[in-house]
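Structure, as structure tokens:
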Amino acid sequence: MLTHKQHELLMFIHERMKESGIPPSFDEMKEALDLKSKSGIHRLITALEERGFIRRLPNRARALEVVRLPDSMNPSLGGKRSRFEPSVIEGNLGKVPSSPAMPGAERLASVAIPVMGRIAAGVPIEAIQHHSHTIHVPPEMLSTGDHFALEVRGDSMIEAGIFDGDTVLVKKQDNAQNGEIVVALVDGEEATLKRLRKRGNSIALEAANPTYETRIFGPDQVKVQGRLVGLLRKY
Numbered sequence: 228m229l230t231h232k233q234h235e236l237l238m239f240i241h242e243r244m245k246e247s248g249i250p251p252s253f254d255e256m257k258e259a260l261d262l263k264s265k266s267g268i269h270r271l272i273t274a275l276e277e278r279g280f281i282r283r284l285p286n287r288a289r290a291l292e293v294v295r296l297p298d299s300m301n302p303s304l305g306g307k308r309s310r311f312e313p314s315v316i317e318g319n320l321g322k323v324p325s326s327p328a329m330p331g332a333e334r335l336a337s338v339a340i341p342v343m344g345r346i347a348a349g350v351p352i353e354a355i356q357h358h359s360h361t362i363h364v365p366p367e368m369l370s371t372g373d374h375f376a377l378e379v380r381g382d383s384m385i386e387a388g389i390f391d392g393d394t395v396l397v398k399k400q401d402n403a404q405n406g407e408i409v410v411a412l413v414d415g416e417e418a419t420l421k422r423l424r425k426r427g428n429s430i431a432l433e434a435a436n437p438t439y440e441t442r443i444f445g446p447d448q449v450k451v452q453g454r455l456v457g458l459l460r461k462y
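Residue numbers (my numbering): 228 to 462.
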């Protein structure tokens with residue numbers, strides 16, 4: 228999920244490059260988005276790059292490449308395969324139309340989600356703890372069913388855009404498809420956040436960081452606790 232400003236900047240860069248083949252300057256981007264400083268553009272560019280929408284080309288001034296557009300636009304962009312990119316909530320999202328109680332204004336809606344301790348994106352830690360506190364997320368982040376959140380510790384999923392200190396939003400379920408990022412309980416004792424791969428009768432828990440090895444388990448050793456559906460990050 229992109230914020231309004233991230234989406235606006237991505238489309239501005241895309242349209243400019245379609246017209247002229249040259250990325251806009253930071254001053255042009257600042258003016259187009261009506262921002263007061265270039266630092267805001269730098270933050271938006273970094274966020275788009277982290278989510279895999281654009282790429283900065285080294286050793287070239289103003290060199291940007293649009294890698295992909297939002298899924299809703301369904302572009303091929305040369306048939307490039309996009310990486311997993313979790314949705315990120317930045318600030319207060321989840322606005323809904325005005326109500327009779329608040330005429331002419333927007334009101335914020337949110338859903339309370341329990342935070343169930345910490346999850347390892349690195350060396351597995353002890354099993355998921357009890358409810359520690361509650362967070363509020365926009366309803367559009369959720370689907371049907373129950374959800375919970377976990378605080379991430381470690382760096383094994385950094386190439387999937389998940390960093391130490393993030394909070395992951397998880398849909399509670401006991402199964403997952405190949406390639407999905409899941410909360411897995413190993414041998415009933417340790418919990419970890421990894422990409423699930425099924426290989427015959429074995430289950431592989433795959434990191435998104437080349438410094439970590441893929442761990443292989445028997446089918447009775449791993450229990451899926453939930454599937455990653457969103458990500459919250461403080462800047």
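Built from N, CA and C at the ideal position, the CB exists for glycine as well.
Just so you know, these numbers come straight off a predicted model, no measurement behind them.
What are the boundary residues of the alpha helix (DSSP H) that includes residue i?
i	result
residue 408	Note, residue 408: premise wrong, no alpha helix (DSSP H); beta strand (DSSP E) at 408–413.
residue 257	253–259
So what does DSSP say about residue i, is it helix, strand or coil?
i	result
residue 247	helix
residue 274	helix
residue 347	strand
residue 266	helix
residue 239	helix
residue 233	helix
residue 330	Annotation note: pLDDT 46 at residue 330 (below 50); position unreliable, no value reported.
residue 389	coil
residue 368	helix
Answer with yes or no whether the minimum CB distance from residue i to chain C is below 8 Å.
i	result
residue 404	Among the chains in the structure shown there is no chain C, since it carries only a single protein chain.
Along the chain, where does the beta strand (DSSP E) that runs through residue i open and close?
i	result
residue 419	417–426
Could you pull the DSSP bridge partners for residue i from this structure?
i	result
residue 464	Because the chain spans 228 through 462 in this model, residue 464 falls outside it and cannot be assessed.
residue 282	292
residue 363	339
residue 431	424 and 443
residue 453	399 and 410
When burial is assigned at 16 or more other CB atoms within 10 Å of the CB, is residue i buried or exposed?
i	result
residue 245	exposed
residue 284	exposed
residue 263	exposed
residue 250	buried
residue 371	exposed
residue 452	buried
residue 241	buried
residue 383	buried
residue 290	exposed
residue 282	exposed
residue 363	exposed
residue 360	exposed
residue 358	exposed
residue 274	buried
residue 374	buried
residue 388	buried
residue 344	buried
Using the C-alpha atoms, what's the distance from residue j back to residue i?
i	j	result
residue 460	residue 392	8 Å
residue 443	residue 386	20 Å
residue 169	residue 337	The structure shown does not extend to residue 169, since the chain spans only 228 to 462, so no value can be given for it.
residue 258	residue 401	49 Å
residue 279	residue 378	23 Å
residue 277	residue 237	13 Å
residue 232	residue 265	14 Å
residue 409	residue 403	7 Å
residue 267	residue 256	10 Å
residue 395	residue 243	35 Å
residue 454	residue 420	9 Å
residue 432	residue 247	45 Å
residue 294	residue 434	23 Å
residue 234	residue 296	9 Å
residue 270	residue 254	14 Å
residue 405	residue 261	43 Å
residue 390	residue 380	8 Å
residue 427	residue 447	13 Å
residue 440	residue 429	16 Å
residue 449	residue 407	15 Å
residue 346	residue 239	38 Å
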